[in-house]
Every structure is written in structure tokens, then in C-alpha cells.
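Undergrad:
In the numbering used here, the protein residues as written are -11 to 120.
1) Taking its Cβ as the centre, do 16 or more other Cβ atoms sit within 10 Å of residue 22, making it buried, or is it exposed?
2) Of the residues 43, 67, 97, which one's Cα is nearest the Cα of residue 83?
3) Taking buried to mean at least 16 other C-beta atoms within 10 Å of its own C-beta, is residue 16 buried or exposed?
4) Less than 8 Å between C-beta atoms, sequence neighbours within five positions excluded: which residues of the same chain meet that for residue 34?
5) Are residue 8 and residue 42 closer than 7 Å when you measure CB to CB?
6) When you compare only the Cα positions, how much space is there between residue 36 and residue 52?
7) With a cut-off of 8 Å on the beta carbons, I'd call residue 12 and residue 40 a contact; round off their distance for me.
8) Taking residue 56 as the reference, which of 105, 85, 74, 103 has the closest Cα?
9) How many angstroms separate the CA atom of residue 117 from the CA atom of residue 108?
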């Protein structure tokens, strides 16, 4: 395996993550539209809490997607730098930056999942579902 093929190893992972992030985004926007419609007819205090949470999560998903795309672009740039034998450190530094973006995207995803759990906990408490 030559050096230029090493950055290519993260392409499938980034592509799958971006697809998963897009699915989360679409599900949240659908949920938000439903809650907003219901809230405009009969405002409920708990909906405001959920809408704030959803807005925050949508911004996190945007950040996750941007970091994932930055990782993809940096990995592609890294491949080009390594392929054209630009000084060795250029490609490796660019690959390191791609990996930092990739890991940051995953860390942001963990934070968004935590907020997702917090959001459903609000509904469980409102419905008086016993804690486990």
C-alpha cells in the first residue's frame, strides 16, 4: 500500500457518517415541524423545551456535517499531496488534520446523542414513566 492510498481508507467511513447525519437531520426537522404545528394551535410549555433542544441539536448536526466534509476534503487533498510527492510532511500533516476533523465530528455526534436522550427524558417524565 503506497502512502497516497492511506487517506482513502477513511472515505467510506466519512460517507456513511454523512448519510447518517443527514438522516438524523431530516428526522429532527420533521419532528420540529410537527411540534411547531401542534404548538401554534395549542401552546404547551414542554414543547418549548423540546423545540430549544431540537434547535440546538440541528446546529450540532450542521457542525457534524461540516467537520465530516472538511475531513473528506482534507483526506482528498492529502492523497493528492502524497501522490504528487509534495514534501512528505505536507500530506501527512493534511491527513492528521483530516483525522482531527473526523474525530471532532464523532465527538460532536456523541454530544448530540446525549441531547437526544435528554429530550426523550423530558417526555418520559411528563408521562410519569418510572426511571430505570
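The beta-carbon is built from N, C-alpha and C at its ideal position, and this holds for glycine as well.
TA: For this structure:
1) Flag for residue 22 reads exposed.
2) Ranking 43, 67, 97 by Cα distance to residue 83 puts 67 first.
3) Buried is the call here.
4) 110, 111, 114
5) no
6) 24 Å
7) The pair is not a contact, with the Cβ atoms about 18 Å apart (cut-off 8 Å).
8) Ranking the options by Cα distance to residue 56, first place goes to 85.
9) Their Cα atoms are separated by approximately 11 Å.
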